[in-house]
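These notes are about the structure you will find just below.
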Amino acid sequence: MKENIKKEKCWNWLADAVFYEIYPQSFQDTNGDGVGDIPGMIKRLDYIKELGCNAIWVNPWYDSPFGDAGYDVRNYKKIAPRYGTNEDAARFFEQAHERGFHILIDLVPGHTAIDHEWFKSSMRAEKNEYTDRYIWTDSIWESGGEAATLRGISDRDGSAIVNFFSHQPALNYGYAHPDQPWKLAVHSPAALATREAIKDVMRFWLDMGADGFRVDMAASLIKEDDIGHPANIRLWQDFRAFLEKEYPHCVMISEWGVPKESIAGGFHMDFMLHFGPPAYTSLFRSEYPFFSKEGKGDITAFLDTYLEDLASTEGKGLICIPSGNHDMPRLARGRDMRDLKICFTFLLTMPGAPFLYYGDEIGMRYLEGLTSVEGGYNRTGSRSPMQWERKTGFGFTSSADSYIPFDKGNDVPTVADQQRDKTSLLHTVKQLLALRKTHKALQSFGVFTPLYAEKGKYPFVYERKAEGERIVIVLNPADRAEEIPFPLKGQVLFSVGGLPEDRKVPACSAAVFFEKTEK
0 MKENIKKEKC WNWLADAVFY EIYPQSFQDT NGDGVGDIPG MIKRLDYIKE
50 LGCNAIWVNP WYDSPFGDAG YDVRNYKKIA PRYGTNEDAA RFFEQAHERG
100 FHILIDLVPG HTAIDHEWFK SSMRAEKNEY TDRYIWTDSI WESGGEAATL
150 RGISDRDGSA IVNFFSHQPA LNYGYAHPDQ PWKLAVHSPA ALATREAIKD
200 VMRFWLDMGA DGFRVDMAAS LIKEDDIGHP ANIRLWQDFR AFLEKEYPHC
250 VMISEWGVPK ESIAGGFHMD FMLHFGPPAY TSLFRSEYPF FSKEGKGDIT
300 AFLDTYLEDL ASTEGKGLIC IPSGNHDMPR LARGRDMRDL KICFTFLLTM
350 PGAPFLYYGD EIGMRYLEGL TSVEGGYNRT GSRSPMQWER KTGFGFTSSA
400 DSYIPFDKGN DVPTVADQQR DKTSLLHTVK QLLALRKTHK ALQSFGVFTP
450 LYAEKGKYPF VYERKAEGER IVIVLNPADR AEEIPFPLKG QVLFSVGGLP
500 EDRKVPACSA AVFFEKTEK
């Protein structure tokens, strides 16, 4: 770990952090309405701790019309009534901290819902404090160029730029190169006022007990930025300066997908994403992913980008490889339980802080063909309710129905079943997380070195090193035995699918070897 990182207190816990992503509406319902809630999140804190996670990312829980599952915020300082109250949120922070968790909540700074009070004021014809809180063209007949717009709903003349859905008007942080009168500069009073408004939101939740934020669409706030997002980097450096002054403990994780950019902006971590550079998709979700029985993948498609990102961020921040999230198909799609055990061996032995999407630890399935719920569209199948036990409502709700349908397939995985089965995926995840907690080499800052990673070939072998430990991980997702050009030695810490013998690695297998080295 580099000295410039050691000086920041937050890195003390990020060094061995393992995050669990809670999608509030799908995690645990306690009032029988078929929608998860904050009391349910509190109820399941002990489960998350027993799993081996010590940090939680909570998806948006703000008041919202739920046209985009809560990413359309109506009130940044109010909990959505269906989840509970602000008092429930404060109790969640308190209960989580008592159990040793750090809590990051989703920050959605790029846009709001159309019925946010700011936007209602911004739509008025008369000038007011919020006239330029959003981006408006000068005339209803004027387009936003390449940007989509919302028009014909306001008293004021003009069209509002939107970020994603048509009901998500973009907040105004300015344009990197304004070339129209309505495109305000980054340091215009209105753009700076937007920054201050979001800083005020951050203060509110940090004062309540949040330990930081995962930031939605972090690279997109300043519009028409140059290649490399220099204006957005400077914007986030301003946010980091504010946090260092007032909340130096605050951890920031970005949905950016280019670690060298986001970490330069002051973020502690960046996600490898399912969009943008193909490194992440080449592992799990391309036509021929590396983690597939077919054995047609190419680990170098991942490593070429990953090693470059790792080198550019060394000593500055972390790269996170999530098991999944609310925007992509489930990890279990097209994989059986042994496949998933191999995937998790990889995910939980790599550098950076792992992120487990709720239910991935039991192999919850992507539900094909569901009708869109709350703007989910094809993402809806990854957002079905958590399957706690095999009974009506799956232990998620006392109701027979839920806001998204349950998995109606055969052999539906549940927590209760897998807790009783020592060979289950859940137990494998617990075992791997226990190893990660025990061995510094497997934690966020352990040195990572590929040992065997040939283009189009299997297996993938790499080592992790730290504080006198050397741990070698061997992964062969392919449904055929493979051979490596060197012997493997050391104590076996973990294996699935059999152990390598005489340089031959069994089909569909993973193994972890440990040996002491000089510090």
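Read in numbering that gives the first Met the number 0, the sequence shown has 292 at position 293, and its numbers run on one by one without any break. C-beta atoms are modelled at their ideal positions from N, C-alpha and C, and glycine is treated no differently. It should be emphasised that the depicted structure is a prediction, and the values quoted were computed from it without experimental measurement.
Practice task
Check residue 212 in the structure and name its three-state DSSP category.
Solution key: For the purposes of this step, residue 212 is identified with residue 213 of the sequence shown, where counting begins at 1. Of the three classes helix, strand and coil, the one that applies to residue 212 here is strand, per DSSP.
Exercise for the section: Below 8 Å on the Cβ atoms is my guess for residue 133 versus residue 159; work out the distance and round it to an integer in Å. Expected result: Residue 133 sits at position 134 when you count from the first residue of the sequence shown. Residue 159 sits at position 160 when you count from the first residue of the sequence shown. About 6 Å separates the two Cβ atoms, so the contact holds.
Exercise for the section: Determine, using beta carbons only, whether residue 17 and residue 58 come nearer to each other than 8 Å. Expected result: Residue 17 sits at position 18 when you count from the first residue of the sequence shown. Residue 58 sits at position 59 when you count from the first residue of the sequence shown. Result no, Cβ atoms of residue 17 and residue 58 do not sit closer than 8 Å.
Practice task
Name the two residues that bound the continuous alpha helix (DSSP H) containing residue 417.
Solution key: What you label residue 417 is simply residue 418 of the sequence shown in a count that begins at 1. 414-419 is the span of the alpha helix (DSSP H), which, as asked, contains residue 417.
Exercise for the section: Please say whether residue 76 and residue 200 have beta carbons closer to each other than 8 Å? Expected result: Taking the sequence shown and counting its residues from 1, one reaches residue 200 at position 201. Taking the sequence shown and counting its residues from 1, one reaches residue 76 at position 77. In this structure, residue 200 places its C-beta atom within 8 Å of the C-beta atom of residue 76.
Practice task
Pair every Cβ in the stretch 64-76 with every Cβ in the stretch 97-113, then say whether three or more of these pairs are closer than 8 Å.
Solution key: They touch, by the three-pair rule.
Exercise for the section: Compare the Cα-Cα distances from residue 228 to each of 317, 241 and 256 and report the closest residue. Expected result: One-based indexing of the sequence shown puts residue 228 at position 229. Measuring from the Cα of residue 228, the nearest candidate turns out to be 256.
Handout entry: DSSP state of residue 438 mapped onto helix, strand, coil
Key = Position 439 of the sequence shown holds residue 438. Residue state, collapsed to three classes: coil.
Exercise for the section: Give me the Cα-Cα distance between residue 338 and residue 187, rounded to the nearest whole angstrom. Expected result: The residue you call residue 338 lines up with position 339 of the sequence shown. The residue you call residue 187 lines up with position 188 of the sequence shown. Rounded to the nearest whole angstrom, the C-alpha separation of residue 338 and residue 187 is 53 Å.
Handout entry: Closest by C-alpha distance to residue 224, when choosing among 203, 189, 182 and 196
Key = For the purposes of this step, residue 224 is identified with residue 225 of the sequence shown, where counting begins at 1. Of the listed residues, the one whose Cα sits closest to residue 224 is 182.
Exercise for the section: Mind checking who residue 105 pairs with in its DSSP beta bridge? Expected result: Position 106 of the sequence shown, counted from the first residue, corresponds to residue 105. Checking the DSSP bridge columns, you'll see residue 105 partnered with 213.
Handout entry: Straight-line gap, residue 189 to residue 170 (C-alpha atoms, nearest Å)
Key = Here residue 189 refers to the residue found at position 190 when the sequence shown is read from its first residue. Here residue 170 refers to the residue found at position 171 when the sequence shown is read from its first residue. A direct Cα-Cα distance of roughly 10 Å separates residue 189 from residue 170.
Exercise for the section: Return the residue from the list 21, 40 and 22 that minimises the CA-CA distance to residue 29. Expected result: Within the sequence shown, the letter at position 30 stands for residue 29. Measuring from the Cα of residue 29, the nearest candidate turns out to be 40.
Exercise for the section: May I ask you to report which of helix, strand or coil DSSP gives residue 370? Expected result: Taking the sequence shown and counting its residues from 1, one reaches residue 370 at position 371. Residue 370: coil per DSSP, three-state reduction.
Exercise for the section: Select from 192, 384 and 435 the residue whose C-alpha is nearest the C-alpha of residue 411. Expected result: Translated into positions along the sequence shown, residue 411 becomes position 412. Nearest to residue 411 by alpha-carbon distance, out of 192, 384 and 435, is 384.
Problem - Segment contact flag, the stretch 202-209 with the stretch 90-100, C-beta cutoff 8 Å, min 3 pairs - result: With the cut-off at 8 Å, the stretch 202-209 and the stretch 90-100 touch.
Exercise for the section: For residue 252, write down the residues that DSSP places opposite it in a beta bridge. Expected result: On the sequence shown, residue 252 is found 253 positions in, with the first residue counted as 1. Beta-bridge pairing links residue 252 to 213 and 268.
Problem - Reference residue 521, options 401, 485 and 417, closest by Cα - result: Past the edges of the chain, shown from 0 to 518, lies residue 521, and the structure says nothing about it.
Problem - Simplified DSSP state of residue 174, which is helix, strand or coil - result: Along the sequence shown, read from residue 1 onward, the residue named residue 174 stands at position 175. Three-state DSSP puts residue 174 in a strand.
Exercise for the section: Spatial neighbours of residue 218 within its chain, please: CB distance less than 6 Å, with the 5 preceding and 5 following residues excluded, ordered by chain position. Expected result: Within the sequence shown, numbered from 1, the residue matching residue 218 stands at position 219. For residue 218, same chain residues with a beta-carbon under 6 Å away, outside a window of 5 residues either side, are 228, 231 and 255 in chain order.
Handout entry: Other residues of its chain near residue 291: CB distance less than 7 Å, five sequence neighbours each side excluded
Key = Position 292 of the sequence shown, counted from the first residue, corresponds to residue 291. Correct list, in chain order: 476.
Exercise for the section: Specify the secondary structure class of residue 143 as computed by DSSP and reduced to three states. Expected result: Reading the sequence shown from its first residue, position 144 is the one you call residue 143. Here residue 143 carries a strand assignment [DSSP, helix/strand/coil].
Practice task
Output yes or no for whether 8 Å exceeds the beta carbon distance between residue 172 and residue 234.
Solution key: As a first step, residue 172 must be located in the sequence shown, where it is residue number 173. As a first step, residue 234 must be located in the sequence shown, where it is residue number 235. A Cβ-Cβ contact shorter than 8 Å links residue 172 with residue 234.
Exercise for the section: Might you give, ordered along the chain, the residues of its own chain that have their beta carbon closer than 6 Å to the beta carbon of residue 345, omitting 5 neighbours on each side? Expected result: Within the sequence shown, the letter at position 346 stands for residue 345. Same-chain partners within the cutoff: 474.
Exercise for the section: From the DSSP output, in three-state form, read off residue 195 for me. Expected result: The residue labelled residue 195 in the question sits at position 196 within the sequence shown. Residue state, collapsed to three classes: helix.
Problem - Residue range of the unbroken alpha helix (DSSP H) whose run includes residue 449 - result: As a position in the sequence shown, residue 449 is number 450, starting the count at 1. No alpha helix (DSSP H) contains residue 449, which is instead part of the beta strand (DSSP E) from 446-451.
Handout entry: Rounded straight-line distance, which links the Cα of residue 375 to that of residue 365
Key = On the sequence shown, residue 365 is found 366 positions in, with the first residue counted as 1. On the sequence shown, residue 375 is found 376 positions in, with the first residue counted as 1. About 13 Å.
Exercise for the section: Would you mind reading off the limits of the alpha helix (DSSP H) that contains residue 310? Expected result: Within the sequence shown, residue 310 is the residue found at index 311, counting from 1. For residue 310, the enclosing alpha helix (DSSP H) has its first and last residue at 298-312.
Practice task
Less than 8 Å between the CB atoms is what I'm expecting for residue 519 and residue 322, so what's the real figure, rounded?
Solution key: With the chain covering only 0 through 518, there is no way to say anything about residue 519.
Practice task
Give the range of the beta strand (DSSP E) segment to which residue 55 is assigned.
Solution key: Stepping through the sequence shown from its first residue, residue 55 is reached at position 56. In this chain, the beta strand (DSSP E) harbouring residue 55 covers 54-57.
Problem - Classification of residue 406 by the beta-carbon crowding that lies within 10 angstroms, buried from 16 upward - result: Taking the sequence shown and counting its residues from 1, the one referred to as residue 406 is at position 407. Residue 406 comes out buried.
Handout entry: CB of residue 124 within 8 Å of CB of residue 154, strictly
Key = The residue given as residue 124 occupies position 125 in the sequence shown. The residue given as residue 154 occupies position 155 in the sequence shown. Cβ atoms of residue 124 and residue 154: closer than 8 Å.
Problem - Touch test, the stretch 456-474 against the stretch 508-518, Cβ-Cβ under 8 Å, three pairs minimum - result: Verdict: yes, contact present.
Practice task
Return the CA-CA distance between residue 511 and residue 261, expressed in angstroms with no decimal places.
Solution key: Reading the sequence shown from its first residue, position 512 is the one you call residue 511. Reading the sequence shown from its first residue, position 262 is the one you call residue 261. Distance between the alpha carbons of residue 511 and residue 261 is about 32 Å.
Practice task
State the DSSP-derived secondary structure class of residue 377, mapped to helix, strand or coil.
Solution key: Numbered from its first residue, the sequence shown carries residue 377 at position 378. It is helical.
Handout entry: Range covered by the beta strand (DSSP E) that runs through residue 85
Key = The sequence position of residue 85 within the sequence shown is 86, counting from 1. In this chain, residue 85 is not harboured by any beta strand (DSSP E); it is covered by the alpha helix (DSSP H) spanning 85-97.
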